[in-house]
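Residue numbers (UniProt numbering): 1 to 170.
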């Protein structure tokens, strides 16, 4: 009988410790900053260059790699572009809520948010010609910025793969 009385307080103590541990708050995830994003982007670009890839930069600081050069002119204001693209962040494909006919986005070229929410995508398309295939790294300043969007956190660089299928001058 003495043995059972000793086990009850030990059991209650273990239960209380378990309760306290299980109810403790999880630490909040670290908030992303522009500085963190640019440090990550700098590391990505340095690794790409170390791998021998030619990384170009637009005037607005979007980084891109021409995987396959195209032919002809690049788009001017109002030219009709037919582009196929895929967007990624943290190695995950994301849907930016566009549904296109035959997987092609056909639009008159303009650098405006009304054309596409991710201005960095439009920026690099301005450097592409027909048949070009490009990888691009778009800083959040030209994407979803300090607020993020849906499951994309604030200050997140986006990665896009794009192909210019057709370019029709106005």
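Built from N, CA and C at the ideal position, the CB exists for glycine as well.
Starting from residue 120, trace the alpha helix (DSSP H) in both directions and tell me its first and last residue.
119 to 125 is the extent of the alpha helix (DSSP H) around residue 120.
When burial is assigned at 16 or more other CB atoms within 10 Å of the CB, is residue 156 buried or exposed?
Counting Cβ neighbours within 10 Å, residue 156 comes out buried, since at least 16 surround it.
Using a Cβ-Cβ cutoff of less than 8 angstroms, which residues in the same chain neighbour residue 56 once the five nearest sequence positions on both sides are dropped?
If we look at residue 56 and ignore the five residues flanking it on each side, its Cβ neighbours are 63, 64, 65, 66, 127.
Buried or exposed for residue 108, please, with buried defined as at least 16 other CB atoms from any protein chain shown within 10 angstroms of its CB.
Exposed.
Please report how far the alpha carbon of residue 51 lies from the alpha carbon of residue 17, in whole angstroms.
Looking at the two C-alpha atoms, the distance is approximately 52 angstroms.
Provide the residue(s) that pair with residue 161 in DSSP beta bridges, ordered along the chain.
Bridge partners of residue 161: 86, 135.
Which whole-angstrom value describes the C-beta separation of residue 78 and residue 170, a residue pair presumed to lie in contact below a C-beta threshold of 8 angstroms?
Indeed they touch by this definition, with Cβ atoms about 4 angstroms apart.
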